[in-house]
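In the working numbering, the protein residues as written are 932 to 1198. A virtual CB, placed ideally from N, CA and C, is assigned to each residue, including glycine. Step one of this worksheet: look at the structure below.
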Amino acid sequence: MGRLDGKVALITGAGKGIGAASARMFAREGAKIVCTDLDEEAGEAVVADINAKGGLAVFMRHQVTDEIEWEAAVALARHKFGGLHVVLNNAGIATPGAPVEDMTIEQWRHTLAVNLDGVFLGCKHGVRAIKETTAKGGPGGSIINVSSILGLVGNANSADYNSAKGGVRLLTKCVALECAEAGYRIRVNSIHPGYIDTPLVRNAANSMGGGDAAGANAVLDMLVTAHPIGRLGIADEIASAALYLASDESSFTTGSEMVVDGGYTCR
Ligand SMILES: NC(=O)c1ccc[n+]([C@@H]2O[C@H](COP(=O)([O-])OP(=O)(O)OC[C@H]3O[C@@H](n4cnc5c(N)ncnc54)[C@H](O)[C@@H]3O)[C@@H](O)[C@H]2O)c1
């Protein structure tokens, strides 16, 4: 028995990093998956791998800031797999750091659009579709929003990223309350990863480190020391948290913020 048997999940940003690890893990646990991403090549490769290993997944190119594309993604889940139970709002971007006094309004709006508006649209269309599917009986529904430790604590030079991720934290609690009070069978929770070794962090370390390997390694070493556990996380460790929240094992958990950060925020 898989922990997600009978469920259909939609995962954004499924082409790389945490989204790709979650798609693979959810499929191994029996879910049928709609994988979406802007990066078609990466998303198609993840889907091909899942299907080659006996899972069931489809890919759709999807810009998470576009409401029409959200409608199409949810319609694909209905059409291919008969409904929707889980949305993992994972797609997100890191941004070039800048002090607030130098940050352009364009940078601010772009970060908020992807990292907060995208999650809002995922909640909006997720609630509508999951409500309809779960009203017919069968397994319950779950929306999981990937925030960050930087949605819990401040950080110099990333007001845009932290504000978006902090917004995701409270958006999650509002939607959790709406679903509970309306009697929908949908739980809504956020995950707050520490620094995880994914393309997002590697690319950020490269640019912060001045573009050479020594500089990037120095940034990564500095990030490691910020985690009491003494290393960066790996994508599977966040996928495991998402799996728990997607499964019925977390049936009494809603509106919660699951911190998976190697101790970063304990200090
Ligand atoms: N890696 C970390 O240390 C870390 C820590 C905390 C939170 N997070 C969050 O976890 C999530 C995943 O991060 P990751 O490290 O796996 O990133 P990643 O860059 O490795 O993968 C993100 C994926 O999202 C896709 N994507 C980006 N913008 C998109 C858009 N507008 N529409 C659709 N797809 C889009 C990318 O193409 C990519 O495949 C993000 O929300 C990120 O903010 C990451």
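beta-carbon residue i near ligand 1 non-hydrogen atom, thresh 7 Å
| i | result |
| --- | --- |
| Lys963 | no |
| Asp968 | yes |
| His1056 | no |
| Ala1004 | no |
| Asn1086 | no |
| Asn1021 | yes |
| Asn1046 | yes |
| Ile981 | no |
| Gly1142 | no |
| Gly1193 | no |
| Ser1079 | yes |
| Gln1202 | Residue 1202 cannot be examined here, being either before or after the span of the chain that is shown, 932 to 1198. |
| Leu1176 | no |
| Thr1026 | no |
| Gly1097 | no |
Nearest neighbour of residue i, chosen from the options [CA to CA]
| i | options | result |
| --- | --- | --- |
| Ile1080 | Tyr1175, Tyr1126 and Phe1051 | Tyr1126 |
| Gly1072 | Trp1001, Leu987 and Ala962 | Ala962 |
| Gly1028 | Thr967, Met1139 and Gly1057 | Met1139 |
| Asn1088 | Gly946, Val1031, Glu960 and Gly1013 | Val1031 |
| Gly1082 | Val1190, Ile949 and Ile1165 | Val1190 |
| Asp936 | Pro1070, Ala1136, Cys1105 and Gly1186 | Pro1070 |
| Ala952 | Ala1090, Lys1011 and Ala1173 | Ala1173 |
| Ser1182 | Arg1162, Ala1107 and Leu1163 | Ala1107 |
| Ile1074 | Ala1113, Asn1046 and Leu1015 | Leu1015 |
| Gly946 | Ile981, His1123 and Ala1113 | Ile981 |
| Arg1162 | Ala1135, Gly1193 and Glu1180 | Gly1193 |
| Phe1051 | Ala1025, Lys1104 and Leu1007 | Lys1104 |
| Leu976 | Leu1047, Met1153 and Phe990 | The amino acid at residue 976 is misidentified as Leu; the sequence shows Ala. Checked all of Leu1047, Met1153 and Phe990; the closest Cα to Ala976 is Phe990. |
| Cys966 | Thr943, Ser1094 and Ala1090 | Thr943 |
| Asn1120 | Leu1176, Asp970, Val978 and Phe1012 | Leu1176 |
| Asn1021 | Arg1040, Asn1046, Thr1035 and Lys1011 | Asn1046 |
| Arg1116 | Arg1059, Ala979, Ala1006 and Thr1035 | Arg1059 |
The alpha helix (DSSP H) enclosing residue i, as first and last residue numbers
| i | result |
| --- | --- |
| Cys1054 | Gly1049 to Thr1065 |
| Pro1130 | Pro1130 to Met1139 |
| Arg1040 | Ile1036 to Leu1043 |
| Ala1145 | Ala1144 to Thr1156 |
| Lys1011 | Glu998 to Phe1012 |
| Met932 | Element bounds for Met932: n/a, residue is neither H nor E. |
| Gly950 | Gly948 to Arg959 |
Residues bridged to residue i [DSSP beta-bridge criterion]
| i | result |
| --- | --- |
| Met991 | Thr967 |
| Met1189 | Ile1122 |
| Ala1029 | Ser1089 |
| Ile1024 | Looking at the DSSP assignment, Ile1024 forms no beta bridge with any residue, so it has no partner. |
| Leu941 | Val965 and Val1018 |
| Asn1127 | The sequence given here places Ile at residue 1127; Asn does not occur at that position. BP columns for Ile1127 point to Gly1164. |
| Ile1169 | Ile1169 is not bridged to any residue. |
| Ile1117 | Gly1072 |
Boundaries (first-last residue) of the beta strand (DSSP E) holding residue i
| i | result |
| --- | --- |
| Asn1020 | Val1017 to Asn1020 |
In chain order, which continuous runs of the beta strand (DSSP E) of length 3 or greater are located wholly inside the stretch 1058–1115?
-> 1072–1077
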